[in-house]
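Participant: Sharing a structure, written as structure tokens. Questions coming.
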Amino acid sequence: MKRFSGLNLFAEALRGHTGWPEHWPDKEPKKAYDVIIVGAGGHGLGAAYYLASKYGVRNVAVIEKGWLGGGNAGRNTTIIRSNYLYDESAHLFDHAVKLWDGLSQELNYNVMYSKRGVLMLAHNVHDVQSFKRHIHANRLNGVDNEWLTPEECKAYCPPLDISPNARHPVIGGALQRRGGIARHDSVAWGYARGAVAHGVDIIQNCAVTGIRRGPDGAVLGVETEKGFIGAKKVGVSAAGNTSVVMKMAGLDFPLESYPLQALVSEPVKPIVPCVVMSNTVHAYISQSDKGELVIGAGTDQYVSYSQRGALHILEHTLAAICEIMPIFTRMRMLRSWGGIVDVTPDRSPILGKTPVPGLYVNCGWGTGGFKATPGAADLLAYTIAHDAPHAINAPFHLDRFRTGRLIDEAAAAAVAH
Ligand SMILES: Cc1cc2nc3c(=O)[nH]c(=O)nc-3n(C[C@H](O)[C@H](O)[C@H](O)COP(=O)(O)OP(=O)(O)OC[C@H]3O[C@@H](n4cnc5c(N)ncnc54)[C@H](O)[C@@H]3O)c2cc1C
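If you want it as structure tokens, here you go:
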């Protein structure tokens, strides 16, 4: 794969950029692979990349029913942070945040990771207590998080209304300075290009329709729209469709799939310098490099695979944004969209082996898996390569819903983006 460099760009500019190879050529599937990954989102492509580049498993295919990066990887609002409450979660998400650093250099592809800080607003006594608890817990885990006064919040994010007579007065905020955003589709494209450079086949427009198991119950491969493809190891990273795929192997997964929406405004000059979240009024906002305000909503209250959500959820979100930043009352919205998120009972992911030998799973990231992309991908690859989980993802085993050792981030945070 030809590297992006100043010299190569210059040379290509002189010949009309005709010498760049295809990033990910269309491949017909081979008869068999060592490992098949189902789902070409950031997590699946990243897992294939790390399998080939870090764990020495090069005979790998990623099978995608649509186009790569067309799922939640290309639909999310790109918030990155690791200030989760429980030790297990903090370690998991901070593993990812550490990998975000240097990812552009590693992939030779600019994922536009911008550490502009994630500010979570407190509007009542409960918020203050909860955020301060997070700050102390995070610091014990070596994760940065600090308390800001209302005036410090305003200085960090000037469009905020901190007047005491606001409907939802800002009485402080928790700031993770290492938090921020990245360019979501670049992440998928960067991993795809990196994986292909290490010999991975990416097969698009090819839905997995079945998982074939041998007489001993172990995985033999997957049935697809292009026929049977053999593999003794299959990793499922299908986000909102995971329970459907796992059912093909005869497994019932503790997942519910909900539509989650986001929307963007018309572009304006830079005005929101960080990510601002308000769990209480349930809205969050950042500004893209193009100038659009990127606004995220909550999930619909019913399960669905429709990839579009209810209008009243968007209305509520925009009302909330106008409450905390009245400066935006006259902004026009350009477009909205939805994705299907896979939610577990304790709102923590499932990442590890399954009861079916040779079948591995990475799911349940719900509304907050983009931030985890490099970490989840690395840990899924590790688990597949070693047929055993890494210490970081060991607590996120499916078995916790049987044993009761839950990691209850649902109780810890209302909005988990
Ligand atoms: C509106 C919205 C906002 C969000 N905001 C944030 C945020 O700010 N921060 C954050 O951390 N997270 C956020 N998320 C969550 C995040 O996007 C997801 O948790 C994460 O992207 C999931 O991993 P992925 O990228 O690999 O999933 P996906 O990109 O969805 O990849 C799964 C792939 O599997 C494929 N697939 C499914 N079934 C099959 C099959 N049978 N055969 C073959 N392929 C199949 C799908 O087509 C899809 O491409 C948001 C999600 C949405 C929808």
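Quick note, the sequence shown lines up with residues 1 to 417 if you use full-length UniProt numbering.
Beta carbons: idealized from backbone N, C-alpha and C, even for Gly.
Bear in mind the structure is a predicted one, so any value in this text is a computation, not a measurement.
Taking the C-alpha atoms as reference points, what is the distance between residue 344 and residue 18?
Facilitator: Cα-Cα distance, rounded: 47 angstroms.
Participant: Fully enclosed by the segment 282-361, which alpha helix (DSSP H) runs are 4 residues long or longer?
Facilitator: For the segment 282-361, whole alpha helix (DSSP H) runs of length 4 or above, ordered along the chain, are 311-324.
Participant: Among residues of its own chain, excluding the 5 on either side of residue 401, which ones have a beta-carbon nearer than 7 angstroms to its beta-carbon?
Facilitator: Closer than 7 angstroms at the Cβ level, and outside the excluded window around residue 401, lie 254, 345.
Participant: Would DSSP call residue 409 helix, strand or coil?
Facilitator: Of the three classes helix, strand and coil, the one that applies to residue 409 here is helix, per DSSP.
Participant: Buried or exposed: which applies to residue 24, given that a residue is buried once 16 or more other Cβ atoms fall within 10 Å of its Cβ?
Facilitator: Buried, because 16 or more other Cβ atoms sit within 10 Å of the Cβ of residue 24.
Participant: Taking the alpha-carbon positions, what's the residue 229 to residue 46 distance?
Facilitator: One C-alpha to the other measures close to 21 angstroms.
Participant: Report the residue from 139, 169, 138 whose alpha carbon sits nearest the alpha carbon of residue 153.
Facilitator: That would be 169, whose Cα lies nearest to the Cα of residue 153.
Participant: Tell me which same chain residues have a C-beta within less than 6 angstroms of the C-beta of residue 232, skipping the five on either side of it?
Facilitator: 358, listed in sequence order.
Participant: If we ignore side chains and look at the alpha-carbon of each, how far apart do residue 42 and residue 69 end up?
Facilitator: Whole-angstrom Cα-Cα distance: 7 angstroms.
Participant: On the DSSP letters alone, give me the boundaries of the beta strand (DSSP E) that residue 178 sits inside.
Facilitator: Unbroken run through residue 178: none, as it is neither H nor E.
Participant: Closer than 7 angstroms to a non-hydrogen atom of ligand 1 - does that hold for the CB of residue 344?
Facilitator: Result no, Cβ not under 7 angstroms from ligand 1.
Participant: Could you name each continuous alpha helix (DSSP H) segment of 4 residues or more that falls completely within the segment 94-150, going from the start of the chain to the end?
Facilitator: Correct list: 103-107, 125-140.
Participant: Closest to residue 324 by CA distance: which of 102, 33, 85, 119 is it?
Facilitator: It is 119 whose Cα lies nearest to the Cα of residue 324.
Participant: Evaluate contact between the segment 330-339 and the segment 209-229, counting only Cβ atoms and requiring at least three cross-stretch pairs below 8 angstroms.
Facilitator: Output reads no: the segment 209-229 does not touch the segment 330-339.
Participant: Cβ of residue 208 within 7 angstroms of any heavy atom in ligand 1?
Facilitator: The answer is yes for residue 208.
Participant: Please return the same chain residues whose Cβ sits closer than 7 angstroms to the Cβ of residue 399, not counting the five positions on each side in sequence.
Facilitator: Same-chain partners within the cutoff: there are none.
Participant: Between residue 322 and the rest of its own chain, which residues show a CB-CB distance below 7 angstroms, the 5 nearest in sequence each way excluded?
Facilitator: 328, 329, listed in sequence order.
Participant: Quick check on the burial criterion: 16 or more other C-beta atoms within 10 angstroms. Buried or exposed for residue 158?
Facilitator: So residue 158 ends up on the exposed side.
Participant: Taking C-alpha atoms, which residue in 258, 377, 385, 406 lies nearest to residue 97?
Facilitator: Comparing Cα-Cα distances from residue 97 to each of 258, 377, 385, 406, the minimum goes to 377.
Participant: Per DSSP, what are the beta-bridge partners of residue 228 in this structure?
Facilitator: In the DSSP output, where bridge partners are listed per residue, residue 228 has 223.
Participant: Quick one: Cα of residue 204 to Cα of residue 188, how far?
Facilitator: Rounded to whole angstroms, residue 204 to residue 188 spans 13 angstroms at the Cα level.
Participant: In this structure, does DSSP put residue 363 in helix, strand or coil?
Facilitator: Strand at residue 363.
Participant: Given this structure, state the Cα-to-Cα distance separating residue 370 from residue 226, to the nearest angstrom.
Facilitator: If you take the alpha carbons of residue 370 and residue 226, they lie about 29 angstroms apart.
Participant: Among 374, 391, 373, 365, which residue has its Cα nearest to the Cα of residue 243?
Facilitator: Selected option, being the one with the closest Cα: 365.
Participant: Excluding five sequence neighbours on each side, which residues of the same chain lie with their C-beta closer than 6 angstroms to the C-beta of residue 277?
Facilitator: Within the same chain, residue 277 has close Cβ partners 120, 284.
Participant: Residue 134 and residue 171 - do their beta-carbons sit closer together than 8 angstroms?
Facilitator: Their beta carbons are not under 8 angstroms apart, which means residue 171 does not touch residue 134 by this criterion.
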